[in-house]
Amino acid sequence: MISAVPLFSYDSDSSSNTCPVCQGKGVVNVTVIKECSVCGGTGMVQGLTCQACLGVSTIYEIEEERVCSACFGQACI
21 MISAVPLFSY DSDSSSNTCP VCQGKGVVNV TVIKECSVCG GTGMVQGLTC
71 QACLGVSTIY EIEEERVCSA CFGQACI
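Numbering (the numbering used here), first residue to last: 21 to 97.
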């Protein structure tokens, strides 16, 4: 039997419920995966495995700050 577990609790008596995803900041840091600029997303350079992405064709970029998708930047739910 599978039971559902709530991701966060909601206190209806409270006037402000802090968003559990962004901890009330309104923004979250996400790691962006982009196409490798060295091989152009092919994973190969001149017939050899691209050393920049190790043949995977994507590279993890620096974390970017984005509006929280749970509270839409409002910092509370």
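The C-beta atom is built at its ideal place from N, Cα and C for all residues, glycine as well.
Residue 58 and residue 51 have their C-alpha atoms some 19 Å from each other. By the CB criterion at 8 Å, residue 49 and residue 85 fall inside the cutoff.
Residue 96 is classed as exposed because its beta carbon has fewer than 16 other beta carbons within 10 Å across all chains shown.
Non-local C-beta neighbours of residue 78 in its own chain, meaning closer than 8 Å and more than five positions away in sequence, comprise 53, 54, 55, 56, 61, ordered along the chain. Residue pairing by DSSP places residue 47 opposite 87 in a beta bridge.
Beta-bridge annotation (DSSP): residue 74 is not paired with any residue.
Taking a contact as a CB-CB distance under 8 Å, the pair residue 64 and residue 70 counts as one, their CB atoms being some 6 Å apart.
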